[in-house]
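Colleague: Can you keep this structure in mind? I'll have questions shortly.
Right under this line is the structure:
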């Protein structure tokens with residue numbers, strides 16, 4: 027290929043390879059080894075080589091010296107080589123493009139300094155770790171500081187999330203035989219209807235933030251994307267279960283929707299993540315476990331189980347994010363408490379959980395209509411609320427709330443569960 | 003209307019929407035270096051040259067054909083225009099005459115009696131210069147061979163690539179026996195598939211010629227023009243602030259203007275009777 031035998035400058039023989047078939051790759055590679063102003067001889071046999079070489083060099087900012095303009099000694103050809111077509115004099119534009127460029131952090135977030143606290147907006151969509159040409163367009167990413175979005179243990183959370191994806195078509199045996207009394211089936215459908223509207227909120231809240239995250243925080247973006255895909259699957263499987271026996275969907279109430287709307291209205295990523303993931307999805311975990319235990323049929327049991335696995339990861343990300351935030355700014359705890367209080371005030375005059383949902387949960391826990399069964403079902407549904415409260419308090423304490431404050435903040439949580 | 007003397011006013015042809023981005027970028031680059039600069043867009047080079055010589059603008063970003071006309075119009079008035087700066091990519095272009103690889107045409111004289119696809123009637127690179135080349139090699143256009151024009155956007159002097167692409171397509175569709183395109187577009191048409199791989203053969207290549215330049219009218223304020231020239235030549239591809247502009251305008255460096263590279267076109271303009279020696283448009287059926 028390149029040789030320095032017959033000339034002080036190297037020569038490359040590209041044989042019959044033309045520019046339309048990649049000749050420029052070999053020439054660029056050889057030029058990279060030359061200094062600006064140095065010559066590279068081009069030998070080749072493609073009939074269009076001279077025409078294309080001229081056009082290519084002009085566009086790339088290299089000068090060209092045609093072989094016919096040189097003394098005969100300079101174009102000596104031995105019998106093995108293709109004829110010398112021209113000498114390229116390397117221009118300086120090739121390196122110019124990369125002057126002032128920056129490396130956009132490092133790919134592995136576990137390495138110190140890999141993730142920039144305030145990545146420049148001009149790094150834009152570049153891969154973390156890529157070398158970014160200076161002078162690029164200024165992007166707008168509202169969430170552009172590490173403190174706003176990062177979470178403890180996020181690389182591990184992403185790996186787990188990616189590994190735990192399931193296919194609704196195969197993860198659930200939709201054809202499993204079961205028979206339910208019509209009123210029990212109605213209770214399942216009502217709970218599914220309620221779950222769907224909650225999952226719609228859980229899909230849209232991260233979706234609103236993901237487009238604002240600086241892609242430098244790759245793992246945050248990826249994890250939110252998976253979270254959104256999780257919720258899309260949940261909406262699918264809950265809908266499919268609700269329609270499995272051919273009936274209509276259940277009821278959607280003003281109280282339930284008003285509660286969920288406050289989640290969509292929260293403009294701050296950290297506060298939204300607190301209200302949705304830590305308090306809301308945290309409480310939902312208890313609900314899904316409850317359904318897993320008391321589901322009257324294997325399909326309902328399975329969809330609740332699969333959704334609970336996903337929701338547990340969403341809670342873990344929310345917790346990791348808040349722990350990171352709190353470690354950077356201890357005042358975060360006050361902001362979280364205030365957000366819970368604001369939401370409570372906004373929902374004071376709403377009905378909270380719709381009665382049909384609670385009654386459906388009682389009936390599912392009861393399993394039948396006898397007085398004793400209903401009493402037991404009611405007590406299990408009440409116990410569910412207590413468990414939700416206890417788990418919320420535990421998470422709040424883990425975040426650093428004193429015990430009494432944790433109890434107070436937990437008590438402010440919406441009666442709608444999410 | 004005469005341009006005021008505190009601001010250097012340049013004319014440019016809007017052959018593509020990106021032209022606005024280019025000159026807005028230059029305007030702010032010049033402003034940041036203390037040169038008050040503005041631009042006026044024309045839809046065609048003919049109107050631009052006439053306005054330039056009438057004193058509406060000081061400088062014009064001219065196609066090679068517009069340069070020829072400006073030179074002739076100025077001369078007719080006893081004046082002189084000057085080509086001060088051009089792109090590195092404006093120097094030493096060539097055009098090629100292409101045939102299908104399986105064609106029996108082996109030499110230029112084989113083109114006798116054939117049909118040759120060219121670009122727009124006002125394209126220096128895809129029409130005027132190649133036709134002049136053929137004439138110099140013994141074949142008179144319209145007499146010894148048929149000329150098939152591909153008039154896309156008249157008055158833009160072939161800046162719009164569409165006419166050349168249509169000529170290339172005509173060749174591949176069998177509607178012409180040869181096509182004339184600029185060297186770089188031969189490669190482009192191969193890369194984009196307009197010319198399928200190995201389906202064409204280059205029959206001939208013209209001598210090198212030059213393309214656009216910044217043309218200065220005799221009425222332009224000298225100090226502003228000099229500052230304009232200095233700032234252009236001082237633009238470095240290393241500078242990330244100007245590099246996107248240079249990429250848009252398709253150059254790596256500005257060069258001092260030169261006019262030797264327009265001789266072939268000057269001859270072609272006479273042969274095709276495009277303009278007379280006074281710069282009057284004489285070519286029939288020219289719509290712009």
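Residue numbers (my numbering), protein chains in the order written: chain S, 27 to 444; chain W, 3 to 290. C-beta atoms are modelled at their ideal positions from N, C-alpha and C, and glycine is treated no differently. This one's a predicted model, so the numbers in the text were calculated from it and none came from an experiment.
1) Let's see if you can read the secondary structure: which residues bound the beta strand (DSSP E) around residue 13 of chain W?
2) Are the Cβ atoms of residue 97 of chain W and residue 184 of chain W separated by less than 7 Å?
3) Measuring alpha carbon to alpha carbon, tell me which residue in S/299, S/184, S/443 and S/412 is nearest residue 433 of chain S.
4) Do you know offhand how far residue 389 of chain S's Cα is from residue 326 of chain S's?
5) Under DSSP, the beta strand (DSSP E) around residue 148 of chain W begins and ends at which residues?
6) Enumerated in chain order, which unbroken segments of the alpha helix (DSSP H) with a length of 4 residues or greater are wholly contained in the region 61 to 123 of chain W?
7) Need the endpoints of the alpha helix (DSSP H) that residue 210 of chain S sits in, please.
8) Establish whether the CB of residue 207 of chain W and some CB of chain S are separated by less than 7 Å.
9) Count the other CB atoms, across all protein chains shown, that sit within 10 Å of the CB of residue 8 of chain W; report buried if there are 16 or more and exposed otherwise.
10) Quick one: Cα of residue 31 of chain S to Cα of residue 100 of chain W, how far?
11) Would you report the Cα separation of residue 47 of chain W and residue 55 of chain W, rounded to the nearest angstrom?
12) Going by beta-carbon coordinates alone, are residue 123 of chain W and residue 169 of chain W separated by less than 7 Å?
13) What are the residues in the region 176 to 200 of chain W lying within 7 Å of chain S by C-beta distance?
14) Is residue 246 of chain W helix, strand or coil by DSSP?
15) Is it true that the CB of residue 147 of chain S sits closer than 7 Å to the CB of residue 164 of chain S?
16) Helix or strand or just coil, what does DSSP make of residue 215 of chain W?
17) How long is the line joining the alpha carbons of residue 364 of chain S and residue 428 of chain S, rounded to whole angstroms?
18) Please tell me whether residue 20 of chain W has its Cβ less than 7 Å away from any Cβ of chain S.
19) Closer than 9 Å between beta carbons: that is the criterion. Which residues of the region 107 to 130 of chain S meet it against chain W?
20) Give every residue of the same chain whose Cβ lies closer than 8 Å to the Cβ of residue 208 of chain W, excluding the five residues on either side of it in the sequence, and list them in chain order.
21) Where does residue 89 of chain S fall in DSSP's three states?
22) One question on the structure: do residue 120 of chain S and residue 67 of chain S come within less than 7 Å of each other, judged by their Cβ atoms?
23) Find the nearest neighbour of residue 152 of chain W within the set W/138, W/145, W/178 and W/139, judged by alpha-carbon distance.
24) So what's residue 290 of chain W in DSSP terms, helix, strand or just coil?
25) Would you mind sorting residue 56 of chain S into buried or exposed? The rule is 16 or more other CB atoms within 10 Å of its CB.
26) When the Cβ atoms of the region 412 to 427 of chain S are set against those of the region 237 to 256 of chain S, are three or more pairs found closer than 8 Å?
27) DSSP on residue 279 of chain W, reduced to helix/strand/coil?
28) Just grab the DSSP bridge partners of residue 329 of chain S for me.
29) Which same chain residues, not among the five before or five after residue 252 of chain W, have their C-beta less than 6 Å away from its C-beta?
30) Roughly how many angstroms lie between the CA atoms of residue 280 of chain W and residue 196 of chain W, to the nearest whole one?
31) Relative to the alpha-carbon of residue 321 of chain S, which residue among S/214, S/48 and S/70 has its alpha-carbon at the smallest distance?
32) Cα separation between residue 26 of chain W and residue 33 of chain W?
33) Within its chain, find whatever has a CB closer than 6 Å to the CB of residue 4 of chain W; leave out the 5 residues flanking it on each side and keep chain order.
34) Per DSSP, which residues does residue 128 of chain S bridge with? Please list them.
35) Which residue wins for smallest C-alpha separation from residue 287 of chain S, given the options S/335, S/257 and S/373?
36) Among residues of its own chain, excluding the 5 on either side of residue 263 of chain W, which ones have a beta-carbon nearer than 6 Å to its beta-carbon?
Modeller: According to the data block:
1) 10 to 15
2) yes
3) S/412
4) 15 Å
5) 148 to 150
6) 66 to 78
7) 208 to 236
8) yes
9) exposed
10) Note that residue 31 of chain S has pLDDT 46, beneath the 50 cutoff, so the model's placement of it is unreliable and the number below is only indicative. Going from the Cα of residue 31 of chain S to the Cα of residue 100 of chain W covers about 37 Å.
11) 12 Å
12) no
13) 185, 186, 188, 189, 192, 193 and 199
14) helix
15) yes
16) strand
17) 15 Å
18) no
19) 117, 118, 119, 121, 122, 123, 125, 126 and 127
20) 96, 97, 98, 131, 132, 135 and 266
21) strand
22) no
23) W/178
24) coil
25) buried
26) no
27) coil
28) DSSP output for residue 329 of chain S lists no bridge partner at all.
29) 91
30) 40 Å
31) S/214
32) 10 Å
33) Caution applies to residue 4 of chain W, whose pLDDT of 49 falls short of 50 and renders its modelled position unreliable; the model cannot decide the point.
34) S/158
35) S/373
36) 211 and 212
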